[in-house]
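Working notes for the structure below.
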Amino acid sequence: MSVCDGGHCVTCSDEAVSMTVLRVDARRGLALCTDRSGVRSTVEIALVEPVTAGDELLVHAGTAIAAAAKAPRQ
0 MSVCDGGHCV
10 TCSDEAVSMT
20 VLRVDARRGL
30 ALCTDRSGVR
40 STVEIALVEP
50 VTAGDELLVH
60 AGTAIAAAAK
70 APRQ
């Protein structure tokens, strides 16, 4: 029996959450991000680098899997 029966994973629901980057630790490959309800999480960013504060990321299981929108560069 698989834990991913029924078309999606029962652990994570195969869901990506939109999060905004608050701060980046490029040396460690991590970013502090916040979701739309204000919950902050540390996110692994190696798949979507370079990342800067203000960028909007799609995050799945603590890993950024896509950049949804880049913050305007100055």
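Okay, so the sequence shown: first residue is 0 according to numbering that gives the first Met the number 0, each after it adds one.
Even for Gly, the Cβ is constructed at its ideal location relative to N, Cα and C.
Being a predicted model, the structure only gives us computed values, none of them experimental.
DSSP three-state assignment for residue 45, whether helix, strand or coil:
Mapped onto the sequence shown, residue 45 falls at position 46. Note: residue 45 maps to coil in three-state DSSP.
Which residues mark the beginning and the end of the beta strand (DSSP E) in which residue 74 is found?
Any answer about residue 74 is impossible in this case: the structure gives the chain only from 0 up to 73.
Please state the DSSP three-state secondary structure of residue 72.
Taking the sequence shown and counting its residues from 1, one reaches residue 72 at position 73. It is coil, neither helix nor strand.
Contact set for residue 59: own chain, Cβ-Cβ below 6 Å, skip 5 residues either direction:
As a first step, residue 59 is located in the sequence shown; it is residue number 60 there, counting from the start. 15.
Determine the contact status of residue 23 and residue 50, defining contact as a CB-CB distance below 8 Å.
Working through the sequence shown from its first residue, we reach residue 23 at position 24. Working through the sequence shown from its first residue, we reach residue 50 at position 51. Yes, these two residues count as a Cβ contact at 8 Å.
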